[in-house]
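Visitor:
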Amino acid sequence: MARSTTSCLLLLCATALLTRLCSAAISTVLFADLERLSRLVDIAYCVGNTGVRKPFECLSRCNDFPDMTLVATWSTGLLRGDSCGYIALDAHSRGLIVAFRGTYSITNTIVDLSTMPQAYMPYTGPGAASCRNCTVHMGFLESWRNVRSMILPQLIALKAKDPALPIHLIGHSLGGAIACLAAVELKTLLGWENVVVTTFGEPRVGNYQLARFIDDVFQLDKLDNAPSPWYRRVTHASDPVPLLPWDEWGYRSHAGEIYISKKDLRPTDHDLKVCVGDKDSSCSTEHRGILGSDLPYLGSMTPVGTRRGGELMAATLPTRVKLWQLLFAHRDYFWRLGLCIPGGDPLNWGRGGLMDSEPDEL
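Under mature numbering (1 follows the signal peptide of the UniProt record, and there is no 0), read the sequence shown as residues -24 to -1, 1 to 338, first letter to last.
#1: Does the beta-carbon of T244 have 16 or more other beta-carbons within 10 angstroms, so that it is buried, or is it exposed?
#2: Which complete beta strand (DSSP E) runs does the region 209 to 240 hold, if anything under 3 residues is left out?
#3: Is it true that the CB of I143 sits closer than 8 Å to the CB of G232?
#4: Give me the residue from F304, C22, T26 and L65 with the minimum Cα distance to D138.
#5: Look at the Cβ atom of I154, then the Cβ atom of S59, and state whether they are nearer than 8 Å.
#6: Between which residues of its own chain and G78 is the CB-CB distance below 6 Å, once the five residues before and five after are set aside?
#7: Would the region 176 to 186 count as touching the region 203 to 223 if we require 3 or more Cβ pairs under 8 Å?
#8: Grab the span of the alpha helix (DSSP H) containing D192 for me, first residue to last.
#9: Taking W50 as part of the beta strand (DSSP E), name the residues at either end of that continuous run.
#10: How about L46 and V28: do their beta carbons lie closer than 8 Å?
#11: Alpha carbon to alpha carbon, how far is V171 from R208?
#12: So F7 is in the alpha helix (DSSP H); what residue range does that whole segment cover?
#13: Less than 6 Å between C-beta atoms, sequence neighbours within five positions excluded: which residues of the same chain meet that for T211?
#14: Closest to A187 by CA distance: which of I127, C156 and C251 is it?
#15: Cutting at 8 Å between CB atoms, please list the residues of its own chain near A67, excluding the five before and the five after it.
#16: Around the Cβ of P318, are there at least 16 other Cβ atoms within 10 angstroms (buried) or fewer (exposed)?
#17: Straight-line CA distance for A8 to G24?
#18: Rounding to the nearest angstrom, what Cα-Cα distance links D336 and D308 in this structure?
#19: In whole angstroms, what separates the C-alpha of I73 from that of P31?
#20: Taking Cβ positions only, does T4 come closer than 8 Å to chain D?
#21: DSSP on L(-4), reduced to helix/strand/coil?
#22: By the DSSP assignment, the beta strand (DSSP E) with T26 in it spans what residues?
#23: Please tell me whether V173 and W206 are closer than 8 Å, where the distance is taken between their beta carbons.
#24: Can you find the residues in the same chain that come closer than 6 Å, C-beta to C-beta, to G314, ignoring five residues on each side of it along the sequence?
#25: Rounded to the nearest angstrom, what separates A1 and P203 at their Cα positions?
#26: Whole angstroms are fine: how far does the CA of L134 sit from the CA of Q185?
#27: My output table needs one value for I63: the three-state DSSP class, helix, strand or coil.
#28: According to DSSP, simplified to helix, strand and coil, what is F176?
#29: If distances are taken between C-alpha atoms only, which option among D247, F76 and D197 comes closest to A158?
#30: Leaving out five residues on either side along the sequence, give the residues of the same chain with a beta carbon under 6 Å from the beta carbon of L13.
#31: First and last residue of the beta strand (DSSP E) that includes S71?
#32: Keeping to the same chain, check which residues put their C-beta closer than 6 Å to that of Y227; ignore five residues upstream and five downstream.
#33: Would you give the residue range spanned by the beta strand (DSSP E) that I127 belongs to?
#34: Helix or strand or just coil, what does DSSP make of R108?
Put into structure tokens, the structure is as follows:
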């Protein structure tokens, strides 16, 4: 009898612990904030395209934000990774928005991140002394270095005028990876405390040690289900990019994940939840088998081609992977991102009939 009672108590304790640690639904306030930021990061796709002009005008969603004032835009061009974005003062949040655009070639991004081992290098950025054995994705780091001289002087000048000015870095896709590395530098090198990061579909930026370093810098290593006020890494049920590059190549995710479980647009606050740590089984790691068995099959491929001068040459892609579907899944964060047209996606491009017709596999 005593043994049975003890077993029941242990079971109750374990259940209570699991309940406390399980993913939590988000508040309506946080949902509204994330939805608003998704529209702001969508505007970054107009830079290098039809443009964003002062005071804050563009072909896309700029009219949604009458309280925004454009400070500057940047574009590195195709020869330097084609990184684009903008800096704007946000009277609504009384802070500064730094928005990093993702790449237009999302299909190529998914192919590259999933079929070719991603080159990495020792992390030598700010805080490297306390980040032992850290490695970072070489392409992401170079993208940040290419825009660093365009962004930092602007931010330093604005902070000199108002030291208490909050800075909110946002990014979609590869722009999320750049926002991550930029924020680490602002926090560790410049010592700025009021830095917030929100990314959508952010790929993995480095190895396990770097992921834990990012957790420490942004205080993401707390074992609870409270949303981080400093870093929100938004993921989507059908989006493979947050799971890339692969574990097998040494890459890991950092914590701070907020997961959208609804595959279709548009989600509600009930479709979002705060994840615990970087391997919450009810969040994106549960969906390594996105589109059935396609991604695990893709991850087990041995790339074809040879190495010349240390560079891996072209690899093949299995025809069974529906890149058409992945293309839209990676863009669908509250809205269809990356089109830079009025209303974002007024014709429901890629939804409804187009997707239901089972397009040819790439």
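We put the beta carbon where it would ideally sit given N, CA and C, even for glycine.
Guide: By the coordinates alone:
#1: By one-based count along the sequence shown, residue 244 stands at place 268. With fewer than 16 other Cβ atoms inside 10 Å of its own Cβ, T244 counts as exposed.
#2: Within the region 209 to 240, complete beta strand (DSSP E) segments of at least 3 residues are found at 233 to 236, given in chain order.
#3: What you label residue 232 is simply residue 256 of the sequence shown in a count that begins at 1. What you label residue 143 is simply residue 167 of the sequence shown in a count that begins at 1. The answer is no: Cβ separation not under 8 Å.
#4: The residue you call residue 138 lines up with position 162 of the sequence shown. Comparing Cα-Cα distances from D138 to each of F304, C22, T26 and L65, the minimum goes to L65.
#5: The count along the sequence shown starts at 1 and reaches residue 154 at position 178. The count along the sequence shown starts at 1 and reaches residue 59 at position 83. It is a contact, given that the beta carbons lie within the stated cut-off.
#6: As a working mapping, residue 78 is identified with position 102 in the sequence shown. Taken in chain order, the residues that qualify are H148, S149, L150 and G151.
#7: Look at the beta carbons and you see the region 176 to 186 touching the region 203 to 223: at least three pairs across the two are nearer than 8 Å.
#8: Taking the sequence shown and counting its residues from 1, one reaches residue 192 at position 216. For D192, the enclosing alpha helix (DSSP H) begins and ends at Y184 to V193.
#9: Locating residue 50 in the sequence shown gives position 74, counting from the first residue. Where W50 is concerned, the enclosing beta strand (DSSP E) stretches over M44 to S51.
#10: Taking the first residue of the sequence shown as 1, we reach residue 46 at position 70. Taking the first residue of the sequence shown as 1, we reach residue 28 at position 52. Less than 8 Å separates the beta-carbon of L46 from that of V28.
#11: Looking up residue 171 in the sequence shown gives position 195. Looking up residue 208 in the sequence shown gives position 232. For V171 and R208, the gap between their C-alpha atoms comes out near 12 Å.
#12: Your numbering for residue 7 matches position 31 in the sequence shown. Unbroken alpha helix (DSSP H) run through F7: T4 to I19.
#13: For this step, residue 211 is matched to residue 235 along the sequence shown. In chain order, P218, E233, Y235 and S260 place their CB closer than 6 Å to the CB of T211, counting only its own chain and leaving out the 5 sequence neighbours on each side.
#14: Translated into positions along the sequence shown, residue 187 becomes position 211. Distance check between A187 and each of I127, C156 and C251 places C156 closest, using alpha-carbon atoms only.
#15: Here residue 67 corresponds to residue number 91 of the sequence shown, with the count starting at 1. D43, M44 and T45, listed in sequence order.
#16: On the sequence shown, residue 318 is found 342 positions in, with the first residue counted as 1. Exposed: under 16 other Cβ atoms inside 10 Å.
#17: Here the question's residue 8 lines up with position 32 in the sequence shown. Here the question's residue 24 lines up with position 48 in the sequence shown. About 28 Å.
#18: Mapped onto the sequence shown, residue 336 falls at position 360. Mapped onto the sequence shown, residue 308 falls at position 332. Any reading at D336 must be qualified, since the residue scores a pLDDT of 34, below 50, and its modelled position is unreliable; no value is offered.
#19: Here residue 73 refers to the residue found at position 97 when the sequence shown is read from its first residue. Here residue 31 refers to the residue found at position 55 when the sequence shown is read from its first residue. For I73 and P31, the distance between alpha carbons rounds to 14 Å.
#20: Annotation note: the requested chain D is absent from the structure, which comprises a single protein chain.
#21: Taking the sequence shown and counting its residues from 1, the one referred to as residue -4 is at position 21. Its pLDDT being 45, under 50, L(-4) is placed unreliably by the model, and the measurement read from it follows with that caveat. L(-4) falls in the helix class under three-state DSSP.
#22: Numbered from 1 along the sequence shown, position 50 holds the residue referred to as residue 26. Boundaries for T26: no beta strand (DSSP E) harbours it, and the DSSP string shows neither H nor E there.
#23: Translated into the one-based positions of the sequence shown, residue 173 becomes position 197. Translated into the one-based positions of the sequence shown, residue 206 becomes position 230. Taking C-beta atoms as the reference points, V173 and W206 count as a pair closer than 8 Å.
#24: Locating residue 314 in the sequence shown gives position 338, where the first residue counts as 1. So the list reads Y21 and R307, once near-sequence residues are dropped.
#25: Position 25 of the sequence shown, counted from the start, is the residue given in the question as residue 1. Position 227 of the sequence shown, counted from the start, is the residue given in the question as residue 203. So the two alpha carbons sit approximately 10 Å from each other.
#26: Against the sequence shown, residue 185 aligns to sequence position 209. Against the sequence shown, residue 134 aligns to sequence position 158. Rounded to whole angstroms, Q185 to L134 spans 33 Å at the Cα level.
#27: Here residue 63 refers to the residue found at position 87 of the sequence shown. In the structure shown, the three-state DSSP call for I63 is strand.
#28: The residue you call residue 176 lines up with position 200 of the sequence shown. Shown here, F176 sits in a strand according to DSSP, grouped into three states.
#29: Counted from its first residue, the sequence shown places residue 158 at position 182. Of D247, F76 and D197, the residue nearest in Cα terms is F76.
#30: Position 37 of the sequence shown, counted from the first residue, corresponds to residue 13. The beta carbon of L13 sits closer than 6 Å to the beta carbons of I146 and T174 from its chain, once the five residues preceding and following it are set aside; these are given in chain order.
#31: As a working note, residue 71 is residue 95 in the sequence shown. A quick correction: the sequence has Gly, not Ser, at residue 71. From DSSP, the beta strand (DSSP E) with G71 extends over G71 to F76.
#32: One-based indexing of the sequence shown puts residue 227 at position 251. Annotation for Y227: R180 and P221 place their beta carbon closer than 6 Å to its own, counting only its chain and skipping 5 residues before and after.
#33: As a first step, residue 127 is located in the sequence shown; it is residue number 151 there, counting from the start. For I127, no beta strand (DSSP E) segment is defined; the enclosing uninterrupted segment is the alpha helix (DSSP H) at M114 to K137.
#34: Within the sequence shown, residue 108 is the residue found at index 132, counting from 1. If DSSP states are grouped into helix, strand and coil, R108 belongs with coil.
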